[in-house]
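Our numbering numbers the first residue of the sequence shown as 8 and each following residue consecutively. In this text, a Cβ means the ideal position worked out from N, Cα and C, and glycines have one as well. Only a predicted model underlies this, so the values are computations on that prediction, with no experimental measurement involved. First up is the structure itself, then whatever we jot down about it.
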Amino acid sequence: MNLSNFLTLIRIAVIPIIVLCIYLKSPIFGWTAFILFCLASITDYFDGYLARIRNEVTNFGTFLDPIADKLLVASVILILTSKNIISDWETIPALIILLREITVSGLREYLAGIKVSIPVSRIAKLKTLLQLCALALLILSESISNLAVILYLGKIFLWVSALLTLYTAYDYVKGSIKHF
């Protein structure tokens with residue numbers, strides 16, 4: 008166990024608290040969910056960064072980090088959808104994001120079985136950043152009810168991240184297809 012793996016485990020452990028805080032209707036819980044989500048999102052960057060600079064990359068961390076990311080994003084998308092913060096047309100980018108994550112996870116599992124690795128592109132990192140920003144804004148939008156700009160900005164980021172999600176999914180499939 009190292010610091011990077013500990014950060015990844017903390018990111019997973021905080022997910023139920025974030026979901027519960029989003030579910031509760033008080034602005035204090037909304038702010039708590041927002042802050043915890045932002046902190047969890049930041050650990051996504053720091054766990055990998057610390058593992059690389061400290062030369063502590065482990066099989067456990069390599070396995071668990073992408074799962075932690077997907078659990079965080081999927082949980083928040085689902086709870087925001089259940090609360091109608093993500094609703095109507097915004098369910099389309101949310102669905103695109105979830106379907107891409109399932110598809111890419113399957114591809115990664117297949118490629119790992121044949122000892123092939125496709126590196127994460129800069130666009131994929133930007134996609135993740137925009138997804139996390141979109142979800143953070145959507146979480147916050149419920150706590151700042153008189154600022155509709157937060158909600159609309161979150162929805163715009165959600166759509167932009169979905170478009171990048173489609174592009175990165177295509178890029179990943181294209182890079183994988185020669186291994187079938």
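Closest by CA to C140, which one among L10, C45, L31, I19?
Here residue 140 refers to the residue found at position 133 of the sequence shown. For the residues L10, C45, L31, I19, the minimum Cα distance to C140 belongs to C45.
Three-state secondary structure (DSSP) at R18?
The residue labelled residue 18 in the question sits at position 11 within the sequence shown. The answer is helix: DSSP assigns R18 an H, G or I state.
Pull up the distance between the alpha-carbon of A81 and that of L105, whole angstroms please.
For the purposes of this step, residue 81 is taken as the residue at position 74 of the sequence shown. For the purposes of this step, residue 105 is taken as the residue at position 98 of the sequence shown. Each residue's Cα considered, the two are about 7 Å apart.
In whole angstroms, what separates the C-alpha of T39 from that of Y52?
Mapped onto the sequence shown, residue 39 falls at position 32. Mapped onto the sequence shown, residue 52 falls at position 45. Spanning the two alpha carbons is a distance of roughly 21 Å.
Under DSSP, the alpha helix (DSSP H) around T98 begins and ends at which residues?
Counting from one through the sequence shown, the residue named residue 98 turns up at place 91. Its alpha helix (DSSP H) spans residues 98-120.
What does the alpha-carbon distance come out to for the pair E108 and I29?
Here residue 108 refers to the residue found at position 101 of the sequence shown. Here residue 29 refers to the residue found at position 22 of the sequence shown. Using only the alpha carbons, I get a separation of about 22 Å.
For I121 and L79, which I take to be in contact (beta-carbon distance under 8 Å), what is that distance rounded to the nearest angstrom?
As a first step, residue 121 is located in the sequence shown; it is residue number 114 there, counting from the start. As a first step, residue 79 is located in the sequence shown; it is residue number 72 there, counting from the start. The Cβ separation is near 28 Å, so there is no contact.
How close, in whole Å, do the beta carbons of I130 and L171 come, if the pair is a contact with beta carbons under 8 Å?
The sequence position of residue 130 within the sequence shown is 123, counting from 1. The sequence position of residue 171 within the sequence shown is 164, counting from 1. About 6 Å; that satisfies the 8 Å criterion.
Answer yes or no: do L143 and F41 have a C-beta to C-beta separation smaller than 8 Å?
Locating residue 143 in the sequence shown gives position 136, where the first residue counts as 1. Locating residue 41 in the sequence shown gives position 34, where the first residue counts as 1. It should be noted that the sequence gives Ala, not Leu, for residue 143. Result yes, Cβ atoms of A143 and F41 sit closer than 8 Å.
Comparing C-alpha positions only, which one of L133, I74, L71, R115 sits nearest to H186?
Start at 1 with the first residue of the sequence shown, and residue 186 comes out as number 179. Closest by alpha carbon: R115.
Which word fits S150, buried or exposed, when buried means at least 16 other C-beta atoms lie within 10 angstroms of its C-beta?
Here residue 150 is taken as the residue at index 143 of the sequence shown, counted from 1. Its Cβ being crowded by 16 or more others within 10 Å, S150 is buried.
Under 8 Å between the Cβ atoms of R118 and S183?
Stepping through the sequence shown from its first residue, residue 118 is reached at position 111. Stepping through the sequence shown from its first residue, residue 183 is reached at position 176. It should be noted that the sequence gives Leu, not Arg, for residue 118. Against a cut-off of 8 Å, the Cβ pair of S183 and L118 comes out as a contact.
Considering only residues of the same chain and omitting the five flanking positions on each side of S112, which have a CB-CB separation below 6 Å?
By 1-based counting over the sequence shown, the position of residue 112 is 105. So the list is empty, once near-sequence residues are dropped.
What residue from T135, A58, F67 has the CA that sits closest to T175's CA?
Position 168 of the sequence shown, counted from the first residue, corresponds to residue 175. With distances taken between Cα atoms, T175 lies closest to T135.
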